[in-house]
Amino acid sequence: MEDKNSFVRQVAEKKYEFGFTTDVQTEIIEKGLSEDVVRLISRKKDEPDWLLEFRLKAFRYWQTQEAPTWGHLKMPEIDYQDISYYADPTVKKNQDAPKEIDPELMKTFDKLGIPLEERMALSGMAVDAVMDSVSVKTTFTEKLQEKGIIFCSISEAVKNHPELVRQYLGTVVPYRDNYFAALNSAVFSDGSFVYIPKGVRCPMELSTYFRINARGTGQFERTLIVCDDDAYVSYLEGCTAPMRDENQLHAAIVEIVVMKNAEVKYSTVQNWYPGDSEGKGGVLNLVTKRGHLRGENSRLSWTQVETGSAVTWKYPSCVLSGDGSQAEFYSVAVTNNFQQADTGTKMIHIGKNTKSTIISKGISAGKSQNSYRGLVRVVPTAENARNYSCCDSLLLGSSCGAHTFPYMDIQNESAIIEHEATTSKISEDQLFYCNQRGIDTEDAVGLIVNGYAKDVINKLPMEFAVEAQKLLGVSLEGSVG
Amino acid sequence: MLEIIDLHASINGKEILKGINLTVREGEVHALMGQNGAGKSTLSNVIVGHPSYEVTQGKILFNGKDLLELKPEDRAHEGIFLSFQQPVEIPGVSMVNFMRAALNAKRKYQGLEPLSAGDFLKLMREKRRIVELDNKLANRSVNEGFSGGEKKRNEIFQMAMLEPTLSILDETDSGLDVDALRIVAEGFNKLRTPQTSAIVITHYQRLLDYLKPDVVHVLLAGRIVKTAGPELAFEIEKRGFDWIKEEQ
């Protein structure tokens, strides 16, 4: 018993590996939110009038709204006037000099395992690296251009491909969608833009790495992915932040449009700073992600491994409009210490013969709260819709909570809907069995948790899967006792 | 090899072992018999360091080392293996991953490099044959959906993989049919060397027919009350334990 206690202590004291800060000259606008700030952000990014109008409409709408309270979350009060909405770490010292990346920034991303020099980059992976409000660099853009693929920051896309951005922005997640979507639409800074033209199979994984660095700022990522007819892309997203005592806000929107016979795989390994073992600090991760399966036989899968953030409020969803379209949601959400997660998905079946799969694995430890919240809706037009949902919870210890909130709204009788849910606990007997075979408790927990989550981990691209496995071990160590 | 001196142990404050003295030398097989509740499983659990049991008095030395000072995983690394009476299921963890973690933990303890995936799988194949364990079982989750007999065979398979010097078989024969018993017992015998020892807990002579113990002990109310050669097991098979109780 004494062993276990010391083990718990060790883990609680374990440092967050990515908690360092980068000392780089950053231009941060003054704290506060107003129409003037929205205009200022738009001006800094040299945006066309239509985009400023979009932002202003969103801002005016946001002002009339209240933050949602239905999540199973104790959310700290957010003072929106105490946040800076734009921080640019790439600010040029000399306006006339060609834009060069500060070596400190390169070093930061190296340290995070994301080398930005193409010769050093992971093979087969193009990266858009975003720090605070600005994309630092996007690799392999030229190589991808040869195939007609556009992969750049959304700011560049607004400049270079305004017609595409204008055609799709806000069509999957309208600014009126929810409180945080309105906020994001008003003040979004950077994120990635991906366009895969008809018939093109993207030859490498595309990824965006988000890093929060500056103090007192919020990050408002905006990502838009359009996959045209018969095209394919696999996209990965990673994120980390420094350790800070105060909460930091990350309110993102990701929109995905999938056309006829096209396929998009979207994977996230979310490792924002989760706060310390006392529940102090950490990122508030309030995210709206949605894909629209517009074309016939289109496919979209969301895979997420959520281990970080103090609060996660996130429901990557799919609107299955195209006949025969298929959507999948695979999720592992880990909470430890005082972390709170309310996450899940929405599957909206509109087209005929549409199919969706939901696999959610919640793992709770410490004093954390972990909720699955999901909606399966079948509208009257959706003949022969199918859904399979499986929501499992694994508890480590007895001070944590696991909750499941499945909602179903089935308006077509031909639908076949299956739902399974289990709750289990890692038992002392299992741990002792491992111990007797020579496996210490820390490794045993890692082994059991990875075994539990493997259906989801297996969906991740190789490099990410390895990363995710390690992360699961680290996030949970010491949580049994 | 193993020396137990005046061992007292309790669970939830209740004393189960009341002064056990037992010495097992290299190459010996000791049978431990006795009625339910006599303390046989408690003794094996205490040797391997189960956290539910508290040692209140006495010592256990293993190759001269104070065993009670070692964590359960280190006792395993030192060469002690328990074939569980009720092997635990671990859903989602494949036997392959489980055994690799166990074997590499032991190698690390010994200062050896982890085994390559190829060598490891080769070893798995080789050792599986000893207990005729199906390849399919080896690829399934640890003990999940295994029949009672398969679980016991899987225990001996793990023993073959880890090559302990002291094995404790806790009612490994319970729940086995005649054929399964033969496979398990013959598997165990194949693994014996002049350097390995075993403590075999059983109620029945039929397992001992195969294992041929050197010494037989009878445990009664937390004490070893009788120690003799293999003939003692035959006598117990015939007469039960009551005559031993009466001798006390």
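Heads up: the protein sequence lines correspond to chains A and B, in order.
The opening position of the first sequence corresponds to residue 729 in this note's numbering, with each subsequent residue numbered one higher.
The opening position of the second sequence corresponds to residue 79 in this note's numbering, with each subsequent residue numbered one higher.
Built from N, CA and C at the ideal position, the CB exists for glycine as well.
Nothing here was measured: the structure is a model prediction, and the numbers come from that model.
Chain A places a beta carbon closer than 7 Å to that of residue 184(B), counting this residue as a contact. Comparing C-alpha distances from residue 245(B) to each of 162(B), 114(B) and 149(B) shows the shortest one belongs to 162(B). Beta-bridge annotation (DSSP): residue 301(B) is paired with 298(B).
If you check the CB distance, residue 238(B) and residue 208(B) come in under 7 Å.
Annotated three-state conformation of residue 883(A) is helix, per DSSP.
DSSP places residue 921(A) in the uninterrupted beta strand (DSSP E) bounded by 920–924. Contiguous alpha helix (DSSP H) elements confined to the segment 886–949 of chain A occur at 890–896 and 907–915, taking only those with 4 or more residues. Residue pairing from DSSP places residue 1058(A) in a beta bridge opposite 1031(A) and 1087(A).
Partner residues in the beta bridge of residue 1041(A), as assigned by DSSP, are 1014(A) and 1070(A).
Counting only the Cα atoms, residue 908(A) lies some 7 Å from residue 1014(A). Straight-line spacing of the CA atoms in residue 1069(A) and residue 1129(A) works out to 10 Å. Proximity of residue 277(B) to chain A, defined by a Cβ-Cβ separation below 7 Å, is not satisfied. Apart from sequence neighbours up to five positions away, the residues of its chain that approach residue 165(B) with a beta-carbon distance below 7 Å are 221, 229, 232 and 233, ordered along the chain. Out of 870(A), 990(A), 897(A) and 880(A), the CA that lies nearest to the CA of residue 936(A) is found in 880(A). Listed along chain A are 1161 and 1164, each with a C-beta nearer than 8 Å to that of residue 162(B). When the alpha-carbon of residue 1035(A) is set against those of 1195(A), 767(A) and 753(A), the nearest one is in 1195(A). Under the 7 Å criterion on CB atoms, residue 1167(A) is classed as interfacial with respect to chain B.
For residue 860(A), the three-state secondary structure derived from DSSP is coil. At a cut-off of 7 Å, the C-beta of residue 189(B) has no neighbouring C-beta in chain A.
Residues 119, 122, 160, 161, 162, 163 and 279 of the same chain have their beta carbon placed closer than 7 Å to that of residue 248(B), with the five preceding and five following residues left out of the count. Under the DSSP assignment, residue 1142(A) falls outside any beta strand (DSSP E); it carries neither an H nor an E label.
When 203(B), 225(B) and 227(B) are compared, the shortest CA-CA separation from residue 216(B) is found for 203(B). With 16 or more neighbouring CB atoms inside 10 Å of its own CB, residue 947(A) falls in the buried class. Annotated as distal: residue 988(A) and residue 1029(A), with beta-carbon spacing of 7 Å or more. Taking the Cα positions, residue 770(A) is about 40 Å away from residue 1198(A). Only buried fits residue 1081(A), as 16 or more other CB atoms lie within 10 angstroms of its CB. Of the other Cβ atoms in all chains shown, 16 or more fall within 10 Å of the Cβ of residue 1041(A); this residue is therefore buried. Counting only runs of 4+ residues, the alpha helix (DSSP H) found wholly inside the segment 142–216 of chain B occupies 150–155, 173–187 and 195–208, in chain order. An exposed status is given to residue 190(B), since fewer than 16 other beta-carbon atoms sit within 10 Å of its beta-carbon. The alpha carbon of residue 1101(A) has as its nearest neighbour, out of 1006(A), 916(A), 1012(A) and 1071(A), the alpha carbon of 1071(A). Contact with chain A is found for residue 151(B), since one of that chain's Cβ atoms lies less than 7 Å from the residue's Cβ. Residue 753(A) counts as exposed, since fewer than 16 other beta carbons sit within 10 angstroms of its beta carbon. Under the 7 Å criterion on CB atoms, residue 1157(A) is classed as interfacial with respect to chain B.
Per DSSP, reduced to three states, the secondary structure at residue 1180(A) is helical.
Along the segment 962–1005 of chain A, the beta strand (DSSP E) occurs as fully enclosed runs of 3 or more residues at 975–986 and 991–998, listed in sequence order.
Between residue 1127(A) and residue 1098(A), the alpha-carbon positions lie close to 12 Å from each other.
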